[in-house]
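Here the numbering used here = 1-based position in the sequence shown + 1. For each residue, glycine too, the CB sits at the ideal point set by N, CA and C. Since the model is a prediction, treat every value here as computed from it, not as a measurement.
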Amino acid sequence: MFIWGTTEDTILVESLLELHSDPTWRVDTGFKNGYLGKIEAMMEAKLLGCRLKVSPHIESRIKMFKAKYFALTELLALSGFEWNEEKMMLACEKSVYDETTKGKKDVSGLYDKHFLHYHSLGEIYAKDRVVGANVGNTDDDEEEVRLEDDEEHRERKSCKLLDCCGDHDELIFLNSGESPEIFKFG
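As structure tokens, this is what we get:
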């Protein structure tokens, strides 16, 4: 069993940042396939003989970092929670923390614990939170797009042609209960 230390964590996060800043490894939803193998090679080069493998070591540590980062971000958005920059940890009353985190696995263990890589992980994962909670869940994304397309299609079918200019370069549609839409051609 491998026990992660501050050095290994720092090198892992530095390697993630390095890949994140390299456009050949980055995509909209995070990293390209194969990035974990690249991280393994980077860590082996920086920590000679560390023998850390993608599975179970690196993959599980990244998953933990990501879960803790998003849990902290969620808590920091709530009233009563702050970030202590000097100590690099969550700052709040213990009773507020206990009440808010009751029964939530991802936020357990964050009270009074240093999280040294919060800002670095923010550089990597903050866009995931901005884009939405379902980042990486393409089934949900595809379903949402399909529903939006269906609704737009229904709206288009329910609109009436209100007017057509003589030269046919402008069409005016009236959607039910909305102001007219003007489509120009040419």
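- Phe32 sits in a strand when the DSSP states are folded into three classes.
- One Cα belongs to Asp29, the other to His21, and the distance between them is close to 11 Å.
- Ala72: member of the alpha helix (DSSP H) spanning Glu60 to Leu77, first to last residue.
- In this structure, Ile125 sits away from Leu48, with a CB-CB distance that is not shorter than 7 Å.
- Boundaries cannot be given for Leu49, as no beta strand (DSSP E) includes it and DSSP labels it neither H nor E.
- About 12 Å separates the CB atoms of Val108 and Ala78; that is not less than 8 Å, and the two are not in contact.
- Cβ atoms of Arg62 and Leu13 come within 8 Å of each other, at about 6 Å.
- The Cβ neighbour count for Leu76, taken over all protein chains shown within 10 Å, is at least 16; the residue is labelled buried.
- The alpha carbon of Glu100 has as its nearest neighbour, out of Phe116, Lys88 and Phe82, the alpha carbon of Phe82.
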